[in-house]
Amino acid sequence: MNTMLRSLSLAAATALALAAATPALAQSQARRVGPEQLSSYWILLNFGSVQADVPNSGQNLTKPGCVAITYEIGTDGKPQDAAINKVMPKSDLGSAALSLVKRFEYGPSLNNGSKKEPVSTYYVVGFNLPEDKAAAKQVTDACRLPGYDQA
642 MNTMLRSLSL AAATALALAA ATPALAQSQA RRVGPEQLSS YWILLNFGSV QADVPNSGQN
702 LTKPGCVAIT YEIGTDGKPQ DAAINKVMPK SDLGSAALSL VKRFEYGPSL NNGSKKEPVS
762 TYYVVGFNLP EDKAAAKQVT DACRLPGYDQ A
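For the sequence shown, the numbering used here assigns the number 642 to the initial residue and increments by one for each residue that follows.
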């Protein structure tokens with residue numbers, strides 16, 4: 642009898658653990674979409690009105706650099722689980738980039754209008770970029786992330 646209760650308790654604990662993990666597992670199943678293809682799913686609505694919380698002091702704040710922020714766009718069009726993935730060169734601007742991306746708001750594209758399919762993506766925030774477009778691209782390319790559907 643005691644062994645049977647122990648088995649039932651173990652089964653119940655396992656079921657609870659799986660139930661708790663299910664949202665996390667479902668969330669990680671979002672399609673991975675690179676920045677170049679994101680507009681096929683979601684359109685950034687408030688880019689011009691969003692500002693980052695830039696620190697007053699810190700490491701490499703005035704050097705050209707970039708930060709890659711990974712996140713999922715949920716069915717409500719808001720970034721979820723945003724995280725600093727890459728900072729080049731090493732600096733204290735990661736938190737500023739993270740604050741910017743967390744304020745983004747997206748609307749579904751025409752292709753994604755009725756589905757509002759969540760996607761996993763990333764955004765590269767450039768800081769102190771050179772005016773020359775080729776030089777600026779060279780800086781931000783250092784923050785491109787592998788494993789996303791990029792053209």
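Idealized CB from N, CA, C, for every residue including glycine.
Taking the DSSP output, what are the residues bridged to residue 789?
In the DSSP output, where bridge partners are listed per residue, residue 789 has none listed.
Looking only at its chain, what residues have a beta carbon closer than 7 Å to the beta carbon of residue 743, apart from the 5 residues adjacent to it on each side?
720 and 723
Among all the DSSP beta bridges, which residues are the ones paired with residue 708?
728 and 766
If we call anything under 8 Å between Cβ atoms a contact, is residue 764 one with residue 686?
no
Which stretch, first to last residue, makes up the alpha helix (DSSP H) that contains residue 739?
Segment 735 to 743, the alpha helix (DSSP H) holding residue 739.
Considering residue 779, what are the terminal residues of the alpha helix (DSSP H) in which it resides?
774 to 782
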